[in-house]
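Novice:
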Amino acid sequence: MYVYDNAGLTGALPAAWSQMPSVEYMDLQKNGLTGTLPAAWADLSTLEVLYLNDNQLTGTLPAAWSKLSRLTELDLSGNRFCGCEPDSWKTVSVLHDAVKDTPVAWANCSTANVCSASETLRNEVARDPLHWTVAALVAVVAVTCLIAA
4 MYVYDNAGLT GALPAAWSQM PSVEYMDLQK NGLTGTLPAA WADLSTLEVL YLNDNQLTGT
64 LPAAWSKLSR LTELDLSGNR FCGCEPDSWK TVSVLHDAVK DTPVAWANCS TANVCSASET
124 LRNEVARDPL HWTVAALVAV VAVTCLIAA
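Following my numbering, the numbering of the sequence shown begins with 4 at its first residue and continues without gaps.
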């Protein structure tokens, strides 16, 4: 499947695409895709290249994707993922090595609290800083620590 950059695709990634036979290449970069990565895509056993960069995807990375043993290139940069690279990805060297532009925060990642801190920050940052909640201030500190690590 190839979709040209900026094709104007919006919405969530369909879990039903996991049933497409023989997909080797998917280029969905630079669209308006939102939501999380479907764990069901772990069934795309022939997938070798997946570009999802520069969308508006969120959430954590699916541990189930460790089944993508033929994947040689995976670009998830330019999205708003949180959390750590799943341990199951680290045991599948093909998948671990396929990830492009690995966030610095993954190197020393030890907690999933990054998700809640990041989400809290995202929800509060649009508000006037004088009205930020304590949770937002804690989120700023947590995210700053991860970036500095």
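Positions of the beta carbon are idealized from the N, C-alpha and C atoms, including for glycine.
Going by C-alpha to C-alpha distance, which of Trp92, Leu16 and Pro17 sits closest to Pro1?
Specialist: Beyond the ends of the chain as shown, which are 4 and 152, falls residue 1; an answer cannot be given.
Novice: Taking the alpha carbon of Thr39 as the reference point, which residue from Phe84, Met29 and Ala45 has its own alpha carbon closest?
Specialist: Phe84
Novice: Within the continuous alpha helix (DSSP H) that includes Asp90, where are the two ends?
Specialist: In the DSSP assignment, Asp90 falls within the alpha helix (DSSP H) that extends over Asp90 to Lys93.
Novice: Alpha carbon to alpha carbon, how far is Asp30 from Gly86?
Specialist: 24 Å
Novice: Measure the C-alpha to C-alpha separation of Gln32 and Tyr54 and round it to an integer number of angstroms.
Specialist: 6 Å
Novice: Pop quiz: Ala67 and Ala45 are said to be a contact at Cβ under 8 Å. What is the actual Cβ separation, rounded to whole angstroms?
Specialist: 4 Å
Novice: Taking the CB atoms as reference points, tell me whether Arg73 and Thr37 lie closer together than 9 Å.
Specialist: The Cβ-Cβ distance between Arg73 and Thr37 does not fall below 9 Å.
Novice: For Thr13 and Asp90, I'd like the C-alpha separation in whole angstroms.
Specialist: Near 30 Å, if we compare the C-alpha coordinates of Asp90 and Thr13.
Novice: What whole-angstrom Cβ distance do Ala10 and Asn34 have, given they're in contact under 8 Å?
Specialist: 6 Å
Novice: Under the DSSP definition of a beta bridge, which residues are partnered with Val26?
Specialist: In the DSSP output, where bridge partners are listed per residue, Val26 has none listed.
Novice: Under the three-state reduction of DSSP, which class applies to Ala15: helix, strand or coil?
Specialist: strand
Novice: Which residues mark the beginning and the end of the beta strand (DSSP E) in which Leu36 is found?
Specialist: Gly35 to Gly38
Novice: Are there 16 or more other CB atoms within 10 angstroms of the CB of Ala115, so buried, or fewer, so exposed?
Specialist: In this prediction, Ala115 has a pLDDT of 45, which is less than 50 and means its spatial position is unreliable; what the coordinates show is noted afterwards. It counts as exposed.
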